[in-house]
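Worksheet for the structure shown next.
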Amino acid sequence: MGNKQLSVVLFVFLCHELAFSSSTLPQLCNKDQSISLLKFKQTLTVDPYNPYNPYNASSSCGYLNHNPYPKTSTWNMSRDCCLWDGVICDEFTGHVIELDLSCSNLVGKFDSNSSLFQLSHLQKLNLSFNDFYPSEISPLFGRFSHLTHLDLSHSYFTGQIPSEISHLSKLQSLYLSGSELSVGPYNFKLLLQNLAQLRELDLTFVRISSTIPPNISSHIRTLSLDYTGLHGALPESIFHLPNLQVLNLGFNNQLSGYFPKTKWNSSASLRVLDLSEVNFYGDFLPESFGYLTSLQSLYLSSCNLSGPIPESLWNLTRIEYMDLHSNDLGGPIPLFISGLPNMKFLSLSSNNLNGEIPSWIYTLPSLTTLDLSYNYFSGPLEDFKSNSLEWIALGGNRLQGHLPMSIQNLVNLTELDLPSNNFSGNVDISLFSNLKQLNLLNLSHNSISIINDNNIKSTLPESLTKIYLSGCEVKELDFLRSAKNLVSLDLSNNNIEGKIPDWAWSNWMHSLAYLNLSHNMLTRIDHFLSFLQLDTLDLRSNFLQGSLPILPSSLIFFFISNNSLGGEIPSFFCNLTLLRVLDLARNNLTGAIPQCLGNLSYGLEVLDMQHNFLSGNLQTTFRVGSRLTSFNLHGNKLAGKIPKSLANCKELEVLDLGNNHLNDTFPMWLGTLPRLQVLSLRSNKLHGPIRASRTKNLFPRLQILDLSCNAFIAELPTSLFQHFKAMMRTNQTKKALGDEYYEDSVVVVTKGLELDVVRILSLYTTIDLSSNKFEGHIPCLLGDLIALRVLNLSHNRLQGDIPSSLGNLSLVETLDLKYNQLSGKIPKQLASLTYLEFLNLSHNHLQGCIPQGPQSHTFMSSSYEDNDGLRGFPVSEGCGNSRIPESSNTTRVLDEESTSEFLSDFWKAALIGYGSGLVIGLSISYIMLSARNPNWLSWIVEELEHKITMRRQKKQRGQTHYRRRRRRRRRRRNNGA
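Position in the sequence shown (from 1) plus 8 gives the number in my numbering.
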């Protein structure tokens with residue numbers, strides 16, 4: 009047999025022997041391990057993966073570039089368990105040493121005595137991105153004494169992390185983030201103390217609420233403790249951990265510390281640094297940042313950083329992501345840098361940076377996101393040299409000039425956000441036509457004009473979903489024809505006339521959710537509106553006529569105030585069950601308010617129908633659990649009583665029923681509303697005394713009370729004032745009322761003028777009880793309401809002294825006590841009210857010297873007239889402590905000389921207007937005086953009010969005298985007969 013034949017025989021023999029030996033080898037996986045794994049599998053179910061279902065535990069795996077699939081679905085006893093998906097065994101012993109079931113769509117309760125704990129040789133265990141809610145982490149995890157890697161993140165475990173986890177002394181990586189877990193301060197310290205081999209620790213979103221212990225392992229490479237409630241001082245030693253690569257301590261806003269001023273020990277290895285919302289009070293960014301030469305990601309937003317950006321920061325040539333937004337950084341950005349070739353994301357928004365945007369920013373070759381919004385950058389916008397840009401946000405600056413033509417070359421651009429700048433000139437739509445990826449275009453609040461002047465009419469790209477062009481002089485909508493996927497469209501404050509074309513409604517029918525056409529010149533809204541899927545529709549301040557339009561049932565916010573719509577409120581409004589804001593104010597609506605609107609109160613937060621012609625009794629019934637926060641019916645013709653069902657509106661903050669014909673007593677039951685801040689019932693037919701009940705904590709947050717121009721009697725309600733706790737504090741948080749999309753407005757009288765106060769602030773605190781029939785004394789308790797800005801008790805029948813406690817109202821701006829029967833002296837404490845701008849004590853029985861103070865020379869004699877016993881400036885001379893300031897005296901003499909020759913003409917003009925309306929009279933007289941002294945308006949109004957009142961009283965006295973004479977003549981005639 010030749011060598012060749014022998015080789016073949018030997019080869020066949022060896023193959024046979026190998027085949028025989030492999031077929032007779034025992035299974036590698038121990039049967040007990042297979043059974044344990046199968047039992048574990050049976051305790052759980054598999055939730056079919058749906059990438060669009062946010063409640064699927066494995067749906068987030070796509071963001072990690074992992075494709076979720078059910079790894080346990082192929083497990084069965086017919087195969088060796090070491091060959092099962094996700095299982096790895098020791099090649100010599102057959103023990104299961106690794107189990108990776110991450111992103112496996114597993115759902116179910118994790119048994120605290122699970123068969124999984126029988127796999128005692130496990131070294132790596134990964135159960136992340138599954139759903140074990142509401143399971144707790146079992147203390148039996150502490151039995152895995154060989155465990156080096158444990159990942160239970162994003163699997164919805166709850167409860168406390170057991171202390172037994174700290175027994176895993178060989179652990180090198182521990183990931184518990186993204187679940188509803190907590191760890192006590194002691195256990196956290198124990199965890200870091202015992203896990204001396206730890207390299208990676210991620211407890212993001214775990215509730216720790218502790219300080220950072222000093223005993224952090226020097227082996228640590230990744231330390232992620234974002235959103236954990238850490239507080240206290242940030243130890244500087246953490247910046248000197250020798251192997252640190254990733255440090256995430258962001259969004260722990262009770263944590264504070266200092267940056268090292270010298271080189272960091274970890275500077276050569278640190279790649280990611282996230283300290284967002286950690287407080288570095290007034291601290292500058294130190295030059296030591298320049299040593300972090302390996303840094304790729306830097307997140308320092310909302311850190312209270314101030315001063316200039318150090319030039320060393322721009323020497324980090326490996327940096328890819330830099331976010332310093334919402335600090336107090338100032339000055340210009342350095343003009344010259346060596347280059348940042350890897351920079352992808354740069355956010356410096358909401359700082360105090362100024363100067364021009366340096367040229368090097370326009371040339372960054374890898375930049376995809378540029379956010380410099382809400383700073384003070386000025387100058388022109390240069391040409392963008394890099395086509396990698398996807399997102400440009402420069403809104404809220406002072407940039408000027410024309411938009412650069414290079415924008416049309418940014419083919420990868422998805423968002424262009426440039427509102428609230430000083431850009432000017434014409435912007436042709438063709439500038440954006442080729443940006444096929446553009447999703448958002450915002451040019452609102454600039455001085456530009458959108459035009460479409462190309463020979464071939466241009467259109468915007470179909471990719472656009474959000475367009476904001478408020479105040480861009482838009483006149484026609486043809487450029488929107490191709491934008492068929494719009495979700496948000498803002499064309500407010502433009503010159504759009506007539507009606508919206510039919511093609512627009514059909515294009516937007518299936519996508520548009522937000523539409524703002526306010527402040528245009530629209531006269532008509534077509535019936536197509538009802539077919540849209542809108543949640544927000546704003547048609548305020550147009551020229552709309554006819555009846556209210558039929559609305560889509562999907563509406564959440566609806567504004568149509570300041571138009572000329574008439575007719576009744578149709579009942580279909582009651583079917584808009586998703587409504588949160590309904591604003592029908594300042595139209596010509598008539599008829600009764602549909603009673604069924606009360607059925608919307610479970611969701612409705614704002615109901616504004618002020619300044620219409622609505623009539624009938626107010627019969628709307630509000631249910632228990634109502635979410636109503638603002639209810640405004642001011643300036644209608646409503647009659648009847650105030651509906652007691654308003655007591656069910658526990659969220660109510662603003663209630664304005666002023667200027668109607670309501671006939672009722674004071675609704676003391678409204679005092680039980682815990683959030684009520686504004687109550688206006690002025691100019692109705694309310695009557696009777698106001699007596700507080702024995703209920704405690706009435707009106708605890710009230711800051712505006714207006715009961716003027718009613719028929720209330722008896723003494724001022726002292727027992728009610730003592731409940732006004734919000735008016736007794738001046739350190740309230742200045743929080744604006746109302747919704748994000750809606751601004752409350754309430755009519756108040758201040759400084760002698762009636763004003764619409766928009767967006768009520770807590771600093772505007774008012775009590776107006778004027779023009780009633782209140783008697784008795786002014787209660788001293790009013791002096792405790794130290795937050796008051798306006799106090800008006802005029803036109804009543806109040807007697808006695810002005811209490812000196814009113815001198816405690818250190819913030820008061822308006823104090824009006826005219827037309828009462830007050831006597832005694834003016835308290836000298838009033839002279840110390842430095843904020844007082846309007847004072848009227850006229851038409852009383854006051855006497856003595858007028859006290860002098862910082863504001864005294866600003867008040868005219870009309871503030872004190874018809875008080876025969878008063879002396880001193882500005883009424884007269886003769887009080888030793890009331891020396892008339894020379895400048896004031898000179899001004900007064902000059903004013904008298906300059907006006908004496910035409911004052912009679914002035915009053916003639918003003919009173920001519922009184923016959924046809926006060927506004928006309930004021931307009932004529934104001935024109936006559938504005939050229940001489942534009943600051944006389946408030947004095948003119950006060951004087952005019954006095955003249956009109958005196959004329960009215962004189963006329964009434966004349967009529968009374970005439971009626972008496974007629975009765976006497978009739979009596980004589982009858983006696984003679």
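Glycine included, every Cβ here is placed at the ideal spot set by N, Cα and C.
- Within the DSSP bridge table, the entry for residue 824 names 800, 848 as partners.
- Between the C-alpha atoms of residue 43 and residue 80 there is a straight-line separation of about 13 Å.
- Annotation: residue 855 to residue 664 spans about 39 Å, alpha carbon to alpha carbon.
- Here residue 686 is buried. Its C-beta has 16 or more other C-beta atoms within 10 Å.
- Per the Cβ contact rule, the stretch 648-660 is not in contact with the stretch 702-712 (fewer than 3 Cβ pairs under 8 Å).
- In this structure, residue 410 sits away from residue 427, with a CB-CB distance that is not shorter than 8 Å.
- With a cutoff of 8 Å on beta-carbon distance, residue 152 and residue 133 are scored as near each other.
- Where residue 512 is concerned, the enclosing alpha helix (DSSP H) starts and stops at 510-516.
- Burial is judged here by how many other beta carbons sit within 10 angstroms of a residue's own beta carbon; residue 399 has at least 16 and is buried.
- Judged by DSSP secondary structure, residue 196 falls within the alpha helix (DSSP H) whose first and last residues are 193-202.
- Here residue 432 is not near residue 401, since their CB atoms are 8 Å or more apart.
- Comparing alpha-carbon positions, the option among 296, 299, 327 lying closest to residue 306 turns out to be 327.
- Residue 128 and residue 303 have their alpha carbons spaced roughly 40 Å apart.
- Inclusion of residue 671 and residue 649 in the CB contact set at 8 Å is warranted, their separation being smaller than that value.
- Looking only at 718, 712, 719, 717, the smallest Cα-Cα distance to residue 729 is reached by 712.
- Under the three-state reduction of DSSP output, residue 543 falls in the coil class, being neither helix nor strand.
- A straight line joining the alpha-carbon of residue 633 with that of residue 681 spans about 12 Å.
- Taking 8 Å as the upper bound for CB-CB distance, residue 203 and residue 232 are not in contact here, some 15 Å apart.
- Counting C-beta atoms within 10 angstroms of its own C-beta, residue 229 has 16 or more neighbours from the protein chains shown and is therefore classed as buried.
- With respect to residue 120, residue 161 sits apart: the two C-beta atoms are not nearer than 8 Å.
- Within the stretch 186-273, the complete beta strand (DSSP E) runs of at least 3 residues fall at 188-190, 208-210, 230-232, 239-241, 254-256, 262-264.
- Taking C-beta atoms as the reference points, residue 447 and residue 473 count as a pair closer than 8 Å.
- In the DSSP assignment, residue 50 falls within the unbroken alpha helix (DSSP H) covering 39-50.
- Contact fails between the stretch 484-501 and the stretch 534-541, because fewer than three Cβ pairs, one in each stretch, are under 8 Å apart.
- Across the structure, residue 573 and residue 556 are spaced so that their CA atoms are roughly 6 Å apart.
- Per the coordinates, the alpha-carbon of residue 849 lies some 13 Å from the alpha-carbon of residue 839.
- Your pair residue 507 and residue 532 checks out as a contact, with CB atoms roughly 4 Å apart and the cut at 8 Å.
- Boundaries around residue 377 are those of the beta strand (DSSP E), 377-379, since no alpha helix (DSSP H) includes it.
- Taking the Cα of residue 180 as reference, the smallest distance to any Cα among 205, 320, 800 is reached at 205.
- Between the alpha carbons of residue 835 and residue 786 lies a distance of about 13 Å.
- With 16 or more neighbouring CB atoms inside 10 Å of its own CB, residue 662 falls in the buried class.
- Fully enclosed beta strand (DSSP E) runs of no fewer than 3 residues occupy 638-640, 645-648 of the stretch 628-663, in order along the chain.
- Per DSSP, the beta-bridge partners of residue 567 are 546, 591.
- Between the alpha carbons of residue 331 and residue 626 lies a gap of roughly 55 Å.
- Rounded to whole angstroms, the Cβ separation of residue 345 and residue 317 is 11 Å, and the two are not in contact under 8 Å.
- Membership of residue 881 in any beta strand (DSSP E) is not indicated, and neither H nor E is assigned to it by DSSP.
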